[in-house]
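Anchor point for the sequence shown: position 59 equals 208 in the numbering used here, and the numbering is continuous, going up by one each time. Here's the structure, in structure tokens; my notes come after.
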Amino acid sequence: MRLPLLMILLALGFGPAWAQQGVTTFGLQVKPVIPFGVFERETTIDRSPLAATLELRGGLAYGMVVRTGLSKSISLEVGLSQITRRYDFGMTNDTNGYADQGSVRFVGYELPVTCLVYIRLGERSWMNNALGFSVDMYPGDAKKELPLAQAYLFRRNWAQAGVVGNIGVEYRTDNSGYFYLGATFHRPFGAMAQADVTWLDRYAGYRPYKLTTDLSGAYLTVDFRYFFHENPDKARLRKARGR
150 MRLPLLMILL ALGFGPAWAQ QGVTTFGLQV KPVIPFGVFE RETTIDRSPL
200 AATLELRGGL AYGMVVRTGL SKSISLEVGL SQITRRYDFG MTNDTNGYAD
250 QGSVRFVGYE LPVTCLVYIR LGERSWMNNA LGFSVDMYPG DAKKELPLAQ
300 AYLFRRNWAQ AGVVGNIGVE YRTDNSGYFY LGATFHRPFG AMAQADVTWL
350 DRYAGYRPYK LTTDLSGAYL TVDFRYFFHE NPDKARLRKA RGR
């Protein structure tokens, strides 16, 4: 009885793990941006009598992921996604009591490459930790105008590198793919953009008074992913098992 029981336990313990090895699968992802002041703090620019504020208030990222199983516990992921960051800004003038606010959206594209390490939680559930790098690309600047103020976000470069960290859990089915829930922290190396918040003095021919700061572009997301079912590459799987 002990030998059959041991074989059953081994099958349960390693069967689904081999299913990841030699598998290349395609996935879709949606990642709402979570406003979290630790990573992108509210910025206040004070030059009396003017004061301006800028704060990341949310956004959305979505795109595709290709995952390749390198071993029983390690995979490589390459993705392509669009990210829209939404910043709220405000302008006040203590001299005349003016106060107004608006929001501006800054669009970018990301090409992340990460290495995942898996830890098994149950028969079909897994936890993973991932770390890697991303190429971040910005197609243009962003601008929002108010009656007497405006915000302009100037990209620092059309492309820059960033670091990506991820943690999550997934449920793997036999024939219906993988369902994933996790969180990602993304931080570009260097400032993403320069933000100019400008007051227009209508009593002086709309003379502009500009307040300037940098935006790091760092953000935190909640990740929802679905990976389509794919059968293992039999040649790669035989080669891996024969080692």
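Beta carbons are placed, not taken as given, at the ideal position from N, Cα and C, and that holds for glycine.
Between the Cα of residue i and the Cα atoms of the options, which residue gives the shortest distance?
i	options	result
Thr-396	Gly-176, Pro-184, Gln-250, Ser-224	No information on residue 396 is available, as it lies outside the stretch 150 to 392 that the chain covers here.
Asp-363	Gln-309, Asp-345, Val-312	Asp-345
Gly-176	Thr-192, Ile-183, Val-215	Val-215
Val-313	Cys-264, Ala-300, Tyr-327	Cys-264
Pro-181	Phe-373, His-378, Phe-377	Phe-373
Thr-322	His-335, Pro-184, His-378	His-378
Ser-197	Gln-178, Ser-220, Gly-246	Gly-246
Ala-340	Glu-319, Tyr-368, Gln-231	Tyr-368
Gly-207	Tyr-355, Asn-278, Ile-183, Asn-306	Ile-183
Going by the CB atoms, is the gap between residue j and residue i shorter than 9 Å?
i	j	result
Tyr-287	Val-256	yes
Leu-203	Ile-194	yes
Thr-241	Ala-200	yes
Tyr-267	Arg-254	no
Gly-311	Glu-259	yes
Gly-326	Thr-173	no
Ala-332	Val-371	yes
Ala-298	Lys-292	no
Leu-270	Thr-233	no
Tyr-329	Tyr-358	no
Grab the span of the beta strand (DSSP E) containing residue i for me, first residue to last.
i	result
His-335	327 to 337
Tyr-355	Element bounds for Tyr-355: n/a, residue is neither H nor E.
Gly-171	Here Gly-171 belongs to no beta strand (DSSP E), and DSSP marks it neither H nor E.
Arg-269	247 to 269
Asp-372	368 to 376
Thr-322	No beta strand (DSSP E) holds Thr-322; DSSP gives it neither H nor E.
Leu-205	199 to 218
Met-341	Where Met-341 is concerned, there is no enclosing beta strand (DSSP E), given that its DSSP letter is neither H nor E.
Asn-242	223 to 242
Arg-196	192 to 196
Could you tell me if residue i is buried or exposed, where buried requires 16 or more neighbouring beta carbons within 10 angstroms of its beta carbon?
i	result
Gly-162	Reliability fails at Gly-162, whose pLDDT of 40 lies under 50, so the model's placement of it is uncertain and no value is given.
Asn-380	exposed
Glu-191	exposed
Pro-337	buried
Gly-164	Here Gly-164 scores only 42 on pLDDT, less than 50, and its place in the model should not be relied on; the value that follows carries that caveat. The residue is exposed, with fewer than 16 neighbouring Cβ atoms inside 10 Å.
Ser-274	exposed
Asp-290	exposed
Gly-366	buried
Asn-324	exposed
* **Contiguous beta strand (DSSP E) assignments of at least 3 residues, all confined to the segment 274 to 318** => Given a length threshold of 3 residues, each whole run of the beta strand (DSSP E) inside the segment 274 to 318 is given here in chain order: 274 to 286, 291 to 294, 298 to 304.
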